[in-house]
Amino acid sequence: MSMLRDVFITGTGAVLPGERVGNDRMEDVIGRIGGRASAVGRRALRWNGIEGRHYALNADGEPLHSNASMCAEAVRAALDEAGLSLGDLQHLGAAATQGDYLVPGHASAVHAELGAGPLEAFSYQSVCASALMAAKGAWLSVRAGEAEVAAACAGEFSSRWFRPAFYEGTALVDEKGRARIEADFLRFTLSDGAGAVVMEPRPKPDGLSLKVEWIDMTSLAGRFDPCMWAGSTPEARADMTSAWSHAGPVAAHAAGAVALLQDFDLLKIVIRAWIGVWLEKVDAGRIVPDQVDHLLCHYSARSLRQEIVGLLESTAAMIPEEKWFTTLADSGNVGSASIWVMLDAFMASGRGRRGDKVLCIVPESGRAMIGFMMLEIV
Amino acid sequence: MAEREAEAAVADCLRKLAVVFADFEQRLEATPLIRKLTRGRFEIGDYHAFLINLRQQVKDGALWMSRAASNIGEDHLELRSTLMRHAVTEHRDFRLLEADFVASGGLLSDIQSAPKNVGSEALSAWMFHEASKPDPFGLLGAMFIIEGLGSIKARPWGLKVQERLALPDEAVRFLLYHGDNDAEHMKEFEEMLGMVLPDPFVAERIVVTARVTARLYALQIEEIAA
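Protein chains in written order, with full-length UniProt numbering: chain W, 1 to 378; chain Y, 1 to 226.
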């Protein structure tokens, strides 16, 4: 039996479409439901701390990109940074919350956009954690000797889903024209972009690479109802036979079963579940907080409530805020693409030194999941 | 040096307890009763069953705590005092719960005469058994679970019950009045741990007791089917 190989990220790429849109202009792009300014937008922005983001739509609602084209661009950038070309790529893992089409998978769309020859392609559909699902696939493939060059990419085109037509005339808007908080809050949370990494069995000859030490995923879906979802109404979401496709698109849309929704009461519980997984990893010695030099997480330390920070501190499991590297405030929460956008910015920032440990954490509220990736700069 | 060692032992124990609590909370979320509450299918009968089945444990709480206090030796008088204070604070809480039951349309005799469910029987027997041992420090783990439930879960549940059933405040006081002074509770709990740690055997017993208590408590809630 052959040995497992070490695997290195030799290139990263990120795409943030169009120009940066500040908080004051975001509703000019995604639109106003029923023509009125959102009642919950400010609160959402205060909570998540986001000050700017990018949209793949212009102010007239015209698309600047597709999800697949953003992903393809990110893969090209990552290959370029690794000093490779498209012809070297053997394994493509593509992640998204929602691809451009319902069918076929996102990886096919990205592959087509790349215009590359035959290769292995894998689609990963979840929410934010899908990025690390694709990363784990790429990592294992290179590790096992199945591929010499693998790319994992992730992309989101959320703004398309946030336009008023997804809510107006549905049960998500009351008689006074106000959108339900489950629907409106997310419009102020997520934005567009894509990111990618390239993995190989050796570091690149020049510059810094990242050795992938391990990737762990934990799904807690067996314990929770959907927390962030599209495809059912808030009331019926635990019943999979209520899926939008059963009612058909017109009736499902009217019932409010098509838009992206979030249950905020449940989110608070899911956050504690994520913290539970984190504490378990610390307790088992899988993660030693003092040995982590940089923490990348698309959640802000500020949005964790004080009692959670208190719990982390009193259990010797907190990573001090000065070790958190984030692009959240500046370029928003890009869902599954966030972690690659951050890693790309981190590598460009010059903050990392050889030997530093970089921990990436990707919590997903979807149905309660969290992924961890430990990297070492080499 | 010794102080740092004690701090590390407390942090280590607290972390293990938090892991147990996270699993406990997830189990509770998946129980039929709480699923009804979060899925909008909770009826007044469910609320009454909830109160009836909580009452026994709430009533027992102060009793096992007093018994545990009486079994704490003279090397740990401060912990004994703390437990006695706790018991005094809580020993009438079940009256509040009964009042909620009546204010939401139940009959006092119904809640007072209801039998314990299987989980409550097991939980109660376990708590008194542990409390009857000399220096029953493992029960700190049980307190972490039960008080954590009070400070983290009770109030959100109370608000959901109230919203769903359109009940006045005086019918949900037991659930709503918990959850105050969360940070204070936590600080006091850390101090209690500091009175018995570092001691690897005690630390392990605290975590095991928490795990058993959490499992039996969840069983108590699982058993509620109105």
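Note that beta-carbon positions come from the ideal geometry of N, C-alpha and C, so glycine has one too.
Practice problem: Let me know if residue 264(W) comes out buried or exposed under the rule of 16 or more other beta-carbons within 10 Å of its beta-carbon. | Solution: Residue 264(W) is exposed by the Cβ-count criterion.
Self-check item: Environment of residue 211(Y) [buried if 16+ CB atoms lie within 10 Å]
Solution: Burial of residue 211(Y) is indicated by the presence of at least 16 other C-beta atoms within 10 angstroms of its C-beta.
Quiz item: When DSSP labels each residue in this structure, what does residue 163(Y) get in the three-state scheme?
Solution: Residue 163(Y): helix per DSSP, three-state reduction.
Quiz item: Roughly how many angstroms lie between the CA atoms of residue 7(Y) and residue 213(Y), to the nearest whole one?
Solution: Their backbone Cα atoms lie some 25 Å apart in a straight line.
Quiz item: Is the beta carbon of residue 157(W) less than 8 Å from the beta carbon of residue 56(W)?
Solution: Contact: yes.
Quiz item: Smallest Cα separation from residue 115(Y): which of 93(Y), 54(Y), 81(Y), 76(Y)?
Solution: Nearest to residue 115(Y) by C-alpha distance, out of 93(Y), 54(Y), 81(Y), 76(Y), is 54(Y).
Quiz item: Which residue or residues does DSSP assign as beta-bridge partners of residue 376(W)?
Solution: Residue pairing for residue 376(W): DSSP places it in a beta bridge opposite 211(W), 357(W).
Exercise. Taking residue 122(Y) as part of the alpha helix (DSSP H), name the residues at either end of that continuous run.
Key: Run containing residue 122(Y): 118–131, per the alpha helix (DSSP H) assignment.
Quiz item: Under three-state DSSP, which class holds residue 88(Y)?
Solution: It is helical.
Practice problem: Identify every run of the alpha helix (DSSP H) within the UniProt domain "Beta-ketoacyl synthase-like N-terminal" (121–202) of chain W, keeping only runs that are complete inside it and at least 4 residues long; order them along the chain. | Solution: Fully enclosed alpha helix (DSSP H) runs of 4 or longer: 130–143, 181–187.
Quiz item: On the three-state DSSP scale, how would you describe residue 27(Y)?
Solution: Helix.
Quiz item: Since residue 336(W) contacts residue 96(W) with CB under 8 Å, what's their CB separation in whole angstroms?
Solution: Going by Cβ atoms, the distance from residue 336(W) to residue 96(W) rounds to 6 Å, so yes, they are a contact pair.
Quiz item: Using the beta-carbon count (16 or more within 10 Å), is residue 306(W) buried or exposed?
Solution: Here residue 306(W) is exposed. Its C-beta has fewer than 16 other C-beta atoms within 10 Å.
Exercise. Note down the Cα distance separating residue 107(Y) from residue 151(Y), rounded to an integer number of angstroms.
Key: For the pair residue 107(Y) and residue 151(Y), the Cα-to-Cα distance works out to about 28 Å.
Practice problem: With residue 15(W) as the anchor, note down where its beta strand (DSSP E) starts and where it stops. | Solution: Segment 8–15, the beta strand (DSSP E) holding residue 15(W).
Practice problem: State the Cα-Cα distance for the pair residue 197(Y) and residue 154(Y), rounded to the nearest angstrom. | Solution: The alpha-carbon atoms of residue 197(Y) and residue 154(Y) are separated by roughly 29 Å.
Quiz item: How long is the line joining the alpha carbons of residue 24(Y) and residue 32(Y), rounded to whole angstroms?
Solution: Whole-angstrom Cα-Cα distance: 15 Å.
Practice problem: May I ask you to report which of helix, strand or coil DSSP gives residue 333(W)? | Solution: Residue 333(W) falls in the strand class under three-state DSSP.
Quiz item: Can you tell which of 295(W), 187(W), 83(W), 168(W) has its C-alpha closest to the C-alpha of residue 208(W)?
Solution: Nearest option by C-alpha distance: 83(W).
Exercise. Check the DSSP bridge columns for residue 369(W) and list the partner residues they point to.
Key: Residue pairing of residue 369(W) in beta bridges, as defined by DSSP: 219(W), 364(W).
Quiz item: Quick one, which residues of the segment 218–235 of chain W are near chain Y if we go by CB-CB under 9 Å, in chain order?
Solution: Those would be 220, 222, 223, 224, 225, 234, 235, in chain order.
Exercise. Whole angstroms is fine: what's the gap from residue 304(W)'s alpha carbon to residue 118(W)'s?
Key: Whole-angstrom Cα-Cα distance: 45 Å.
Exercise. Using a Cβ-Cβ cut-off of less than 7 Å, give me the residues of the segment 304–326 of chain W that come near chain A, in sequence order.
Key: Reference to chain A is not applicable here, since the protein chains of this structure are W and Y.
Self-check item: For residue 149(Y), the nearest candidate out of 164(Y), 175(Y), 137(Y), 78(Y) (CA to CA)
Solution: With distances taken between Cα atoms, residue 149(Y) lies closest to 175(Y).
Quiz item: Going straight from the alpha carbon of residue 60(W) to that of residue 163(W), what length do you get?
Solution: Approximately 11 Å between the Cα atoms of the pair.
Quiz prompt | Between the CA atoms of residue 193(Y) and residue 5(Y) - distance to the nearest angstrom | solution = Cα-Cα distance, rounded: 13 Å.
Quiz item: Nearest CA to the CA of residue 252(W): which residue from 318(W), 290(W), 286(W), 170(W)?
Solution: The closest CA to that of residue 252(W), considering only 318(W), 290(W), 286(W), 170(W), is found on 170(W).
Practice problem: Starting from residue 96(W), follow its DSSP beta bridges and name the residues at the other end. | Solution: Looking at the DSSP output, residue 96(W) bridges to 125(W), 155(W).
Practice problem: Determine the chain W residues that contact residue 165(Y) at a beta-carbon separation under 8 Å, and present them in chain order. | Solution: Residue 165(Y) does not reach chain W, its nearest Cβ partner there being about 16 Å away, counting only Cβ pairs nearer than 8 Å.
Quiz item: How about residue 144(W) and residue 4(W): are their beta carbons less than 8 Å apart?
Solution: Yes, these two residues count as a Cβ contact at 8 Å.
Quiz item: Within this structure, are the beta carbons of residue 220(Y) and residue 120(Y) separated by less than 8 Å?
Solution: Their beta carbons are under 8 Å apart, which means residue 220(Y) touches residue 120(Y) by this criterion.
Self-check item: Supposed contact pair residue 261(W) and residue 238(W) - C-beta distance, whole angstroms, cut 8 Å
Solution: Contact flag wrong, Cβ pair sits at about 13 Å.
Quiz prompt | Contact set between the segment 23–53 of chain Y and chain W, restricted to residues whose Cβ is under 8 Å from the partner | solution = From the segment 23–53 of chain Y, only 23, 25, 26, 27, 29, 30, 35, 38, 39, 40 have a Cβ closer than 8 Å to chain W.
Quiz item: Excluding five sequence neighbours on each side, which residues of the same chain lie with their C-beta closer than 7 Å to the C-beta of residue 36(W)?
Solution: So the qualifying residues of the chain are 177.
Quiz item: Listed from N- to C-terminal order along the chain, which residues in the segment 262–294 of chain W have their beta-carbon within a distance smaller than 8 Å of any beta-carbon of chain Y?
Solution: Correct list: 265, 266, 268, 269, 272, 273, 275, 276, 277, 279, 280, 282, 283.
Quiz item: Does the beta carbon of residue 238(W) come closer than 8 Å to any beta carbon on chain Y?
Solution: For residue 238(W), the closest Cβ of chain Y is nearer than 8 Å.
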